[in-house]
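Asks:
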Amino acid sequence: MRITLEDVVFAYQNGGFEVSVDALTLGFCTVVLGDNGSGKTTLGKLCAGILRPDKGAVYYDGADIAQWSLGKIGRSVGYLFQEPSRQLFAQTPLEEIAFPLEIRGESKKNAEKKARELLAEFELSDIADSNAYTLSRGEKQRLAIAAAMAVSPNFFILDEPTTGLDEPRKSILLSALNNLKTKGVGLLVITHDRGFARRLDAQTLTMGGGRVLA
Amino acid sequence: MPRKKQSPKISSTHTLPDPRVVFVFALYFSTFAVIFRTPLPMTILLIIAVDYSIAIRVPFKKLWGRLKRLWQIVLAVSILQSVFVQSGETLIGIGGLPIVTLGGLLTGLTVLLRLALLITSASMLSVYPPRTLIQGMLQLGVPQEIAYMVSIGLRFIPQMGQALRDSIIALQLRGIEPRELKLIGRIRLYSYLLMPAVASTLQNARELSMSLEMRGFRAYNKRSSYRRLSLKTGDIFLLGAIGLFTIFTAIFAINPSIIPFVELEFWGWIFRKGD
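Written out as structure tokens, the structure reads:
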């Protein structure tokens with residue numbers, strides 16, 4: 022799946038910070054680098070439909086998403102927030118992954134099976150039934166990634182996915198992302214971690230002052 | 010050298026009253042909102058409360074947007090009260106079965122006015138920065154723990170709303186559109202989301218309180234304030250006025266017959282005139 026931005030302008034009402042992108046197509050795997058406040062997260066949120074542009078349009082495989090609900094967007098695009106706590110809502114890691122699958126119509130047994138597989142992939146099996154509020158930052162981060170992957174998105178946007186992860190966990194994440202790449206899932210990875218970005222073998226964009234610099 | 014005493018300002022040309030004055034006003038309106046049980050005195054109080062709020066520049070337009078859902082609930086509660094309370098003349102009925110009675114209508118109206126008064130009273134405090142409110146409470150003699158608790162509580166209400174909205178966005182980004190779910194599914198979903206929103210807010214509050222204590226909060230029994238509020242002539246005049254108002258309103262509350270319009274018969278007469 023391709024995400025295209027055309028003449029997109031978005032300005033925050035309070036601070037007036039503006040992100041402006043003339044033409045950008047995100048394909049297979051893209052890494053966005055840039056300083057704090059350069060507009061990386063805003064770009065990611067515009068691509069995921071969380072923020073809607075003031076001008077211009079965002080297209081998914083040529084279809085304008087202006088009228089799409091976030092629920093419809095979520096069927097094809099996954100999003101990992103910068104702060105994982107913001108996207109975790111269930112009381113246990115198992116429920117966190119299984120509950121949305123159940124709501125989407127999967128049987129409880131299948132949802133739980135899929136959840137346990139994902140928890141195993143991200144080395145979270147031991148805490149599957151633990152209280153989600155007691156997880157460490159790194160565990161929350163891995164759980165949020167696993168939960169976003171559970172719905173098999175066609176495109177996955179990850180905002181600072183390596184925050185709070187140690188080297189072995191970064192490698193697990195890298196292998197999961199490479200696995201998604203081989204399945205043809207598009208990736209947009211927003212990060213400060215240049216080492217991780219290099220290991221991803223992706224097209225690199227650099228942002229500054231709300232614009233794509235290179 | 011003593012620091013010059015300040016009044017909170019919202020613009021270079023407009024100075025707000027001392028927050029203690031607004032506390033007393035809010036207390037006056039909210040207390041009588043609970044005491045009165047008929048629409049007329051509450052309407053008068055609401056008019057005064059709104060006028061006063063406009064004078065201190067409560068951002069009604071902004072608040073209206075934020076409280077839109079709350080107003081819908083308030084209206085729904087009032088309509089339900091109108092239907093379920095059956096007393097007095099029947100105003101609307103189907104085949105002899107009373108649907109809306111005069112007593113029910115007045116009860117519904119009273120509930121609407123009472124909630125409007127309570128919301129207006131609370132919104133008066135929204136014009137002050139949290140620190141000014143805390144200082145006002147402290148100088149009113151409220152213990153510092155309670156003053157900070159109230160202030161932090163006010164701060165966490167929007168945070169809880171934000172946590173709930175974040176959870177909904179996270180769910181939507183996993184392909185679930187709450188609006189498309191059946192009622193049972195939606196109830197299940199929201200009951201599922203509410204608990205973590207409350208839990209994360211409590212967790213944030215706990216971390217904040219630990220952080221405050223680490224920075225020396227409650228290190229001593231008494232605390233000094235870098236900034237002190239001082240009552241000006243206008244504030245003292247307003248406090249005197251609200252004192253007189255309170256005496257008059259309390260007399261009226263004890264003996265409502267000093268003004269004839271509050272009697273039920275008067276309202277029955279109004280409605281009959283319209284027939």
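So the sequence lines, in the order shown, correspond to chains A and B.
Just so it is clear: in the first sequence, position 210 is 231 by the numbering used here, and no numbers are missing.
Just so it is clear: in the second sequence, position 64 is 73 by the numbering used here, and no numbers are missing.
Backbone N, C-alpha and C fix where the C-beta goes; we use that ideal spot for every residue, glycine too.
Pick from Gly-126/A, Asp-214/A, Thr-113/A, Val-30/A: whose alpha carbon is nearest that of Lys-191/A?
Replies: Here residue 191/A corresponds to residue number 170 of the first sequence, with the count starting at 1. If we check each option's Cα against that of Lys-191/A, Asp-214/A comes out closest.
Asks: With Ile-166/B and Ala-156/B assumed to form a contact (beta carbons below 8 Å), what rounded beta-carbon distance in angstroms separates them?
Replies: Locating residue 166/B in the second sequence gives position 157, counting from the first residue. Locating residue 156/B in the second sequence gives position 147, counting from the first residue. Contact flag wrong, Cβ pair sits at about 17 Å.
Asks: Compare the Cα-Cα distances from Leu-182/B to each of Thr-51/A, Lys-66/A, Thr-46/A, Asp-28/A and report the closest residue.
Replies: Indexing the second sequence from 1 puts residue 182/B at position 173. Cα-wise, what sits closest to Leu-182/B is Lys-66/A.
Asks: Below 8 Å between beta carbons is the criterion; list the residues of the region 102-135 of chain A that meet it against any residue of chain B, in chain order.
Replies: Going along the region 102-135 of chain A in chain order, one finds Phe-102, Ser-106, Arg-107, Gln-108, Leu-109, Phe-110, Ala-111, Gln-112, Phe-120, Pro-121, Ile-124, Arg-125 with a Cβ nearer than 8 Å to chain B.
Asks: As a quick exercise: from Tyr-81/A, Val-233/A, Gly-58/A, Gly-37/A, pick the residue whose alpha carbon is nearest that of Ile-24/A.
Replies: Taking the first sequence and counting its residues from 1, one reaches residue 24/A at position 3. Closest by alpha carbon: Tyr-81/A.
Asks: Beta carbons nearer than 7 Å to chain A: which residues of the region 171-182 of chain B have them?
Replies: Of all residues in the region 171-182 of chain B, Asp-175, Ser-176, Ile-178, Ala-179, Leu-180, Gln-181, Leu-182 have a Cβ within less than 7 Å of some Cβ in chain A.
Asks: Within the region 140-187 of chain A, note down every full beta strand (DSSP E) run reaching 3 residues or more, in order along the chain.
Replies: 176-180, all fully within the region 140-187 of chain A.
Asks: So, for Leu-139/A: in the same chain, excluding its five sequence neighbours on each side, which residues have a beta-carbon less than 6 Å away from its beta-carbon?
Replies: As a first step, residue 139/A is located in the first sequence; it is residue number 118 there, counting from the start. Here the set comprises Ile-118, Ala-167, Ala-171.
Asks: Let's see if you can read the secondary structure: which residues bound the alpha helix (DSSP H) around Leu-248/B?
Replies: Here the question's residue 248/B lines up with position 239 in the second sequence. It spans 242-263 - the alpha helix (DSSP H) in which Leu-248/B sits, taken as one unbroken run.
Asks: For the region 85-143 of chain A, which segments carrying the alpha helix (DSSP H) assignment without a break, of at least 4 residues, lie completely within its bounds, in sequence order?
Replies: If we require 4 residues or more, the alpha helix (DSSP H) runs fully inside the region 85-143 of chain A come out as 91-95, 114-124, 129-142.
Asks: Among the candidates Phe-49/A, Met-22/A, Val-53/A, whose CA atom is the shortest distance from the CA of Glu-181/A?
Replies: Residue 181/A sits at position 160 when you count from the first residue of the first sequence. Closest by alpha carbon: Val-53/A.
Asks: So for Leu-47/A, helix, strand or coil by DSSP?
Replies: Indexing the first sequence from 1 puts residue 47/A at position 26. In this structure, Leu-47/A counts as strand in the three-state DSSP scheme.
Asks: What number of angstroms, rounded off, separates the C-alpha of Gly-184/B from the C-alpha of Gln-90/B?
Replies: Walking along the second sequence from the start, residue 184/B turns up at place 175. Walking along the second sequence from the start, residue 90/B turns up at place 81. Gly-184/B and Gln-90/B: Cα-Cα distance of roughly 39 Å.
Asks: Going along chain B, which residues have a C-beta under 7 Å from Ala-69/A?
Replies: Start at 1 with the first residue of the first sequence, and residue 69/A comes out as number 48. Residues of chain B passing the Cβ test: Leu-182.
Asks: Give the residues of chain B in contact with Ser-157/A, contact being defined as C-beta atoms less than 8 Å apart.
Replies: Within the first sequence, residue 157/A is the residue found at index 136, counting from 1. Under the 8 Å cutoff, chain B gives no residues; its nearest Cβ is about 14 Å from Ser-157/A.
Asks: Leaving aside the five residues before and after Val-94/B along the sequence, list all residues of the same chain whose C-beta is less than 8 Å from its C-beta, in chain order.
Replies: On the second sequence, position 85 is the one that residue 94/B refers to. Excluding sequence neighbours, Val-94/B sits near Thr-110, Gly-112, Gly-113, Thr-116, Gly-117.
Asks: In this structure, does DSSP put Glu-186/B in helix, strand or coil?
Replies: Within the second sequence, the letter at position 177 stands for residue 186/B. Glu-186/B falls in the coil class under three-state DSSP.
Asks: What number of angstroms, rounded off, separates the C-alpha of Asp-150/A from the C-alpha of Leu-115/A?
Replies: On the first sequence, position 129 is the one that residue 150/A refers to. On the first sequence, position 94 is the one that residue 115/A refers to. Cα to Cα, the separation comes out at about 6 Å.
Asks: When the distance is taken between beta carbons, is Ala-35/B closer than 7 Å to Met-133/B?
Replies: Walking along the second sequence from the start, residue 133/B turns up at place 124. Walking along the second sequence from the start, residue 35/B turns up at place 26. It is a contact, given that the beta carbons lie within the stated cut-off.
Asks: Excluding sequence positions up to five away, which residues of its chain have a Cβ less than 7 Å from the Cβ of Gln-103/A?
Replies: Taking the first sequence and counting its residues from 1, the one referred to as residue 103/A is at position 82. Once the five neighbours on either side are set aside, the close Cβ partners of Gln-103/A are Thr-62, Asp-180, Glu-181.
Asks: Would you please state the rounded distance, in angstroms, between the beta carbons of Glu-186/B and Lys-93/A? I believe it to be under 8 Å.
Replies: The residue you call residue 186/B lines up with position 177 of the second sequence. The residue you call residue 93/A lines up with position 72 of the first sequence. Sure, about 7 Å apart at Cβ, within 8 Å.
Asks: For a test of the three-state rule: what should DSSP assign to Asp-175/B, helix, strand or coil?
Replies: Your numbering for residue 175/B matches position 166 in the second sequence. Looking at Asp-175/B - three-state DSSP - the assignment turns out to be helix.
Asks: For Tyr-137/B, which residues from the same chain have a beta carbon less than 8 Å from its beta carbon, with the 5 sequence-adjacent residues on both sides left out?
Replies: In the second sequence, residue 137/B corresponds to position 128, counting from 1. Cβ within range, chain order: Pro-17, Leu-25, Pro-28, Val-31, Gly-145.
Asks: Using a cut-off of 8 Å between C-beta atoms, extract the partners of Ala-169/A located in chain B.
Replies: Sequence index remark: in the first sequence, residue 169/A carries index 148 (1-based). Those within 8 Å of Ala-169/A in chain B are Leu-182, Arg-183.
Asks: Which same chain residues end up closer than 7 Å to Gly-55/A when comparing Cβ atoms and leaving out the 5 residues on each side of it in sequence?
Replies: Position 34 of the first sequence, counted from the start, is the residue given in the question as residue 55/A. Cβ neighbours of Gly-55/A beyond the five flanking positions: Lys-61, Thr-227, Met-228, Gly-229.
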